[in-house]
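K.L.:
Line by line, the protein sequences are chains U and F.
In this text, residue positions in the first sequence follow the numbering used here: the first is 3, and each later residue adds one.
In this text, residue positions in the second sequence follow the numbering used here: the first is 255, and each later residue adds one.
Here a beta-carbon is modelled for each residue, glycine too, at the ideal position from N, C-alpha and C.
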Amino acid sequence: MERHREITDLAALLDGELKDSNVEALYAQLNDDDGLREEFELQREVKTALSQLPEEPAPDFMTTRVLGEIATRRNRKTGLGWRTVAAALGGFSFCLVVVFGVMFINNGGMNPGQQPTTLASEREFAHQPVGTLDGEFRSGHIPMIPVSADASAQDFMKFAIDQHDYSTRLNSTDSLNRDLAGVILLLENGETIYISPEDIE
Amino acid sequence: MGPDPVPGTMEMTLRGAVLTQSSRSAEDAADFSEETLVLRSADGDELAYGKLVNRYHTRLYNFVRSMVRNTELAEDITQESFVKAFFSLKKLQNPSSFKSWLFRIANNNTLDYLRKKKLQLVDVDEQVRESYVDDRVNPADGVEQDARVSHIHNALSKLKADQRAILVVCDLQGLSYQEIAEALNIPFGTVQSRIFYARRKLREHLDTSIIFGGEA
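(1) Please compile the residues from chain U whose C-beta is within a distance smaller than 9 Å of the C-beta of Thr462 of chain F.
(2) Below 8 Å between beta carbons is the criterion; list the residues of the stretch 298-310 of chain F that meet it against any residue of chain U, in chain order.
(3) Along chain U, in chain order, which residues have C-beta atoms closer than 7 Å to that of Ile465 of chain F?
(4) Excluding five sequence neighbours on each side, which residues of the same chain lie with their C-beta closer than 7 Å to the C-beta of Gln446 of chain F?
(5) Run through the stretch 314-365 of chain F for me and flag every whole alpha helix (DSSP H) of 4 or more residues, listed as ranges in chain order.
(6) Assign Val100 of chain U to buried or exposed, taking buried as 16 or more other Cβ atoms, counted over all protein chains shown, within 10 Å of its Cβ.
(7) Pick helix, strand or coil for Leu460 of chain F, following the three-state DSSP scheme.
(8) Excluding five sequence neighbours on each side, which residues of the same chain lie with their C-beta closer than 7 Å to the C-beta of Asp11 of chain U?
(9) Closest by CA to Glu329 of chain F, which one among F:Leu410, F:Ile449, F:Ala419, F:Tyr367?
(10) Pairing CB atoms from the stretch 52-66 of chain U with CB atoms from the stretch 419-437 of chain F, are three or more of them under 8 Å?
(11) For Asn308 of chain F, which three-state DSSP category applies?
(12) What does Ser447 of chain F touch in chain U if you count any residue whose Cβ is under 7 Å from its own?
(13) Have a look at Val48 of chain U and Ala419 of chain F and give me their C-alpha separation to the nearest angstrom.
(14) Counting Cβ pairs closer than 8 Å, one from the stretch 29-48 of chain U and one from the stretch 302-321 of chain F, do we hit at least three?
(15) Could you tell me the alpha carbon to alpha carbon distance between Phe340 of chain F and Val292 of chain F, rounded to whole angstroms?
(16) By the criterion of Cβ-Cβ separation under 8 Å, what are the contact partners of Asn316 of chain F in chain U?
(17) Under 8 Å between beta-carbons, which chain F residues line up against Asp36 of chain U? List them in chain order, please.
(18) Identify each residue in the stretch 66-77 of chain U for which the Cβ-Cβ distance to at least one residue of chain F is less than 8 Å, and report them in chain order.
(19) By DSSP, does Asp416 of chain F sit in helix, in strand, or in coil?
(20) Could you tell me which chain F residues have their CB closer than 8 Å to the CB of Met105 of chain U, listed as they occur along the chain?
(21) Does the CB of Arg319 of chain F have a neighbour CB from chain U at under 8 Å?
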């Protein structure tokens, strides 16, 4: 048995951790070796000294504190779960808005299927027919304005002037809007025509 | 075991065992086996875990307190160790090693805390040593036992953290070498030599006239 092993075995002997097969050999060494015995005494003194330290009881509230903290963190974890779901829903909603926004922008600011608004002045409707309103006023709420298939821009302007005080929907798809910025006619085929206040006047 | 050539050897071993037993609550121990409590706790049974906390809170608290030498800090670290242990119980593969596993968490928590705070153990000790002396020992009272306790704590605080930890779990908490190896995450073969050299180092800082009243 080498010296290093011998002296560290003293700790194990003191702690009752030395293998039985080594105990007697070490006792024999202790009897014959004053230095080893002195080392053993020092080890024993320290262990004795430490054993004098009183064990201070943990605070009475420790268990309550621990269980309370566990409950709090469990609730927090549950809360985090809901927040995660809420955040996911929020994110999904945001994505939807972005997707539809992109579609809207790509569509020239129109609803799907709606055609871009045309400036009345661009249609040169002083000379060209812009379409038919035949059948677009069947609701009966709005006085029928006879517009032929070759209705001119003037016909639309007259229609706009006559109707600007009404907010009644023409039918499920068409409507008339007028505000200070002008009038937008929404035709059944989805085409829109913008008539500025100057045009109306 | 062979003849005892040095008086007191057996007595010391037995004393260590008695210390270990006395720190347990007989009331708690009678209710369920530890493994049952650990398994129930792992399933989220807080009542079962409460019994485990009752069983170990004093030991863990004393271990941490011996390391940080500050009552409030020791309470916080002990609490955090128990809480962490609860939420990690499913990772504990062997319920019978709960005790050493718990000490391991507490030891890591203690060291982590000190590292995070970037405090040197010595600095902490210097602060708490004064508060400890102020709180616990009034030299004017001449209370011999308190002076002895204070002296041992002061000597302990001069050791490195790993030396202090191993002496506390061995000589104060009564863990076996196997449990110490698990608790401090060191090889079993290292435990024996580390304890030996830690005791030798502590002995350098102990004044036997204070410890043994001039008997030694």
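P.N.:
According to the structure shown:
(1) Here residue 462 of chain F refers to the residue found at position 208 when the second sequence is read from its first residue. Those within 9 Å of Thr462 of chain F in chain U are Glu47, Ala51.
(2) Within the stretch 298-310 of chain F, the residues whose Cβ lies closer than 8 Å to some Cβ of chain U are Glu300, Tyr303, Gly304, Val307, Asn308, listed in chain order.
(3) Working through the second sequence from its first residue, we reach residue 465 of chain F at position 211. Chain order gives the chain U residues near Ile465 of chain F as Ala51, where near means a beta carbon separation below 7 Å.
(4) Taking the first residue of the second sequence as 1, we reach residue 446 of chain F at position 192. Taken in chain order, the residues that qualify are Tyr431.
(5) 325-342
(6) Residue 100 of chain U sits at position 98 when you count from the first residue of the first sequence. Taking all protein chains shown into account, Val100 of chain U has fewer than 16 neighbouring C-beta atoms within 10 Å of its C-beta and is therefore exposed.
(7) As a first step, residue 460 of chain F is located in the second sequence; it is residue number 206 there, counting from the start. Coil, per DSSP.
(8) Stepping through the first sequence from its first residue, residue 11 of chain U is reached at position 9. The answer, listed in chain order, is Leu20, Asn24, Leu28.
(9) Residue numbering aside, residue 329 of chain F sits at position 75 when the second sequence is read from its first letter. Distance from the Cα of Glu329 of chain F is smallest, within the candidate group F:Leu410, F:Ile449, F:Ala419, F:Tyr367, for F:Tyr367.
(10) Remark: three or more beta-carbon pairs, one from each stretch, lie closer than 8 Å, so the stretch 52-66 of chain U and the stretch 419-437 of chain F are flagged as touching.
(11) Counting from one through the second sequence, the residue named residue 308 of chain F turns up at place 54. In this structure, Asn308 of chain F counts as helix in the three-state DSSP scheme.
(12) Within the second sequence, numbered from 1, the residue matching residue 447 of chain F stands at position 193. Ser447 of chain F reaches chain U at Thr10, counting residues in chain order whose Cβ is nearer than 7 Å.
(13) Position 46 of the first sequence, counted from the start, is the residue given in the question as residue 48 of chain U. Position 165 of the second sequence, counted from the start, is the residue given in the question as residue 419 of chain F. Our two residues, Val48 of chain U and Ala419 of chain F, have alpha carbons roughly 15 Å apart in a direct line.
(14) no
(15) In the second sequence, residue 340 of chain F corresponds to position 86, counting from 1. In the second sequence, residue 292 of chain F corresponds to position 38, counting from 1. Going from the Cα of Phe340 of chain F to the Cα of Val292 of chain F covers about 9 Å.
(16) For this step, residue 316 of chain F is matched to residue 62 along the second sequence. Result: Glu57, Glu58, Ala60.
(17) Walking along the first sequence from the start, residue 36 of chain U turns up at place 34. Those do not exist, as Asp36 of chain U stays about 12 Å from chain F at its closest Cβ, beyond 8 Å.
(18) Arg67, Val68, Leu69, Glu71, Ile72, Ala73, Arg75
(19) Position 162 of the second sequence, counting from 1, holds the residue named residue 416 of chain F. Asp416 of chain F: helix per DSSP, three-state reduction.
(20) By 1-based counting over the first sequence, the position of residue 105 of chain U is 103. Within 8 Å of the CB of Met105 of chain U, no CB atom of chain F is found; the nearest one sits about 46 Å away.
(21) Your numbering for residue 319 of chain F matches position 65 in the second sequence. Under the Cβ criterion of 8 Å, Arg319 of chain F is counted among the residues facing chain U.
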